[in-house]
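Asks: The structure follows.
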Amino acid sequence: FTEGPLWNPRDGTLVFSDIPSDRLHRWRPGGPVEVFRAPSHMANGNTLDRQGRLLSCEHATSRVTRTEPDGRLTVIASHWAGKELNSPNDIVVGGECIYFTDPTYGLERRKREQKDNGVYRLDPTSSVVTLVQAEFDAPNGICFSPDQQRVYVADSGRKARIGAFPVEKGGT
C-alpha cells in the first residue's frame, strides 16, 4: 500500500508512504527499498519545500511536518482557529506558500475538532495557516497547473469531483 510518491532530484531517491505499516520508504535506482522513517505517524502526502526539505502530511498526529537536513522533524502545521486539524492528507508547494488537504481519513482514534474538510494554505514565513476552501466532502489530492495560476483538488467524497480554482495574488 503506497501513497505520496516523491522524486527527490537532489539525492536521486524516491520517497513514498506506507500508511498501514506506519513507515516512509526510500528507494534509489538499482538499490533496495529501505525504511526512511518509522514510525511515520501514518504519513501520506509528501512534497519538497523551496529549500528541498521533505514535507509530509501525517494522519495519526493531525499535523504537517518538515524533515530538517539533520533528520529532525519540525511541525509546521497542526491547528487552525485553535482546533486540531482533521487528518492532513496531501500537500503541494505553490509560489511561496504550502497548500494541503485535510479530510477525516485518519481520525479513527481521535475526536474531530474541525467542522470542515478543507484545503489550507501555510505561509512558511509567518507560519500562519489559512483555510482557503471548505466546499469539499473529502479533499484528497492537490496539484497546481504548470503556470501555477490554478490549483486542482480531487474530492473523493460522495460527489467525486475535481475542483479547479484560480490562485490570486498573495496565494488566496
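For what it's worth, our numbering labels the leading residue of the sequence shown as 57, then goes sequentially. From the three backbone atoms N, C-alpha and C, an ideal C-beta is built for every residue, glycine too.
(1) What residues match up with Gly174 in a beta bridge as DSSP calls it?
(2) What's the C-alpha gap between Arg119 and Leu111?
(3) Identify the continuous beta strand (DSSP E) that holds Ile70 and give its terminal residues.
(4) Output yes or no for whether 8 Å exceeds the beta carbon distance between Gly60 and Ser73.
(5) Who are Leu141's beta bridge partners in DSSP?
(6) Answer yes or no: do Ala220 and Arg206 have a C-beta to C-beta separation smaller than 8 Å?
(7) Quick check: the Cα distance between Ala210 and Gly162, rounded to an integer number of angstroms?
(8) Quick check on Thr228: buried or exposed, where buried means 16 or more other Cβ atoms within 10 Å of its Cβ?
(9) Kindly identify the DSSP beta-bridge partner or partners of Ala99.
(10) With a cut-off of 8 Å on the beta carbons, I'd call Asn100 and Ile75 a contact; round off their distance for me.
(11) Can you tell me whether Gly60 is helix, strand or coil according to DSSP?
(12) From Ile218 to Arg166, what does the alpha carbon distance come to, in whole angstroms?
(13) Can the beta-carbon of Ser183 be found closer than 8 Å to that of Ile132?
(14) Where does Gly227 fall in DSSP's three states?
(15) Could you work out which residue in Ser143, Arg177, Gly150 is closest to Lys235 when comparing CA atoms only?
Replies: In terms of the structure at hand:
(1) Asp158
(2) 11 Å
(3) Contrary to the premise, residue 70 reads as Leu rather than Ile in this sequence. Unbroken beta strand (DSSP E) run through Leu70: 69-74.
(4) yes
(5) None, per the DSSP bridge assignment.
(6) In contact: Ala220 and Arg206 (Cβ atoms closer than 8 Å).
(7) Near 17 Å, if we compare the C-alpha coordinates of Gly162 and Ala210.
(8) exposed
(9) Glu114
(10) 6 Å
(11) The answer is strand: DSSP assigns Gly60 an E or B state.
(12) 28 Å
(13) yes
(14) helix
(15) Only positions 57 to 228 of the chain appear in the structure, and residue 235 is not among them; the question remains open.
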